[in-house]
Amino acid sequence: MCALSHYIERGSEGRVATTGVSLIREHAEGMKPPRSLFVPFPLGRPLGSPDQPDFQRDVLLSSLKLLETATETALADYPHDAPTSGDDPWACAVALAPPEPANESEALRDQLVEEIRQLTPWHAESRKRRGRSTVGISGASLDQIEDLANLLADFATGEEPADGEIDWNHPMPMRLKFASDDLRAFYHESATAQPGANYPTDADLNDWLFNQTLLGTVLRQIVGLMRESDDRRVSGMVIGMIPAGFARAR
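Sequential numbering of the sequence shown, starting at 285, is according to the numbering used here.
Quick look at the structure:
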């Protein structure tokens, strides 16, 4: 967004003013966009907590106000933390079995697919409530979510991952990264589908996924293998596969 702001303002010769929201202060300080509002929220949540429309509107208005007040390059700080959704601790509505990963690909596939099937009704509820899903960056459709599990299970157990019938958007090894992103999105959307429940924080979701699900255990196995790879394309993808602090079992 910082680069886009520069492009728009220079291309319009100053006739169009821009503003934006920044989640990483260092990036904004380095790129010096014309106007930017730094917000202290987790990556992926530039407007703060989901299902908090009044708070999100205030973030947007604070950014837009920079168009009125900032005549020179400005990086302002948003003064509020994202609100929590309640005093009660969040818990996933689905009681999954404790993760016990298998060493053989076929067994691990079966276990991971079973976990996905337990979450599927809740994901359907999520789509009904929200009218959409963010799953699909890998090229897989929701009907092919189990094929993503097969891909990760094969890699985690040292098997050569099969292409399957998915029209992949990326070759290996990037395919692995986006497949894991899609599965994480599926799990997150399923876990937050319960009507009336407190919305989990980013830390709540990561703790649940990486410490209480088989998918989290499998992703840690995969990251361990990627670190040992001689292929720099593979080892270089470790960053971004798992959030900091969750690469090892608790």
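For every residue, glycine included, the Cβ atom is placed at its ideal position computed from N, Cα and C.
Pair within 8 Å by beta-carbon distance, residue i and residue j
i: V305; j: L321; result: yes
i: I506; j: L436; result: yes
i: I292; j: T302; result: yes
i: D466; j: L432; result: yes
i: F494; j: V419; result: no
i: W374; j: N482; result: yes
i: A440; j: V502; result: yes
i: L380; j: T497; result: yes
i: L396; j: L460; result: no
i: L307; j: V323; result: yes
Reference residue i, options the options, closest by Cα
i: E384; options: V378, E398 and A375; result: E398
i: F530; options: M510, S422 and A487; result: A487
i: R414; options: R516, E388, M458 and S474; result: S474
i: A528; options: E430, A379, P363 and D491; result: D491
i: M458; options: W406, T501, M525 and A440; result: M525
i: R294; options: D515, I400 and P317; result: P317
i: A408; options: Q478, G442 and D394; result: Q478
i: N387; options: R516, D438 and V300; result: D438
i: P337; options: S417, T404, S513 and T368; result: T368
i: V343; options: D335, L351, E352 and P330; result: P330
i: M315; options: Y362, R299, H290 and N434; result: H290
i: T355; options: F325, S417, G298 and F339; result: G298
Whole-number beta carbon distance between residue j and residue i, since they are thought to touch under 8 Å
i: A366; j: S410; result: Not quite, the Cβ-Cβ distance comes to about 21 Å (not below 8 Å), so this is no contact.
i: T319; j: A358; result: Looking at the sequence provided, one finds Arg at residue 319 rather than Thr. Their Cβ separation, rounded to whole angstroms, is 5 Å, which keeps R319 and A358 in contact under 8 Å.
i: V378; j: L403; result: 6 Å
i: S389; j: E352; result: Contact flag wrong, Cβ pair sits at about 59 Å.
i: E430; j: I400; result: 6 Å
Below-8 Å beta-carbon distance, residue i vs any chain D residue
i: I429; result: Within the model displayed, chain D is absent; a lone protein chain is all it includes.
Take every Cβ of the region 423-430, pair it with every Cβ of the region 449-467, and state whether three or more of those distances are shorter than 8 Å.
Judged by Cβ distances under 8 Å, the region 423-430 makes contact with the region 449-467, as three or more pairs qualify.
Output the residue ranges of the alpha helix (DSSP H) runs that lie fully inside the region 494-531 and measure 4 residues or longer, sorted by chain position.
498-512 and 516-519
Taking the runs of the alpha helix (DSSP H) that are 4 residues or longer, which of them lie wholly in the region 397-428?
Given a length threshold of 4 residues, the region 397-428 has no whole run of the alpha helix (DSSP H) inside it.
Whole runs of the beta strand (DSSP E) within the region 313-384, excluding any shorter than 3 residues
319-322 and 358-361
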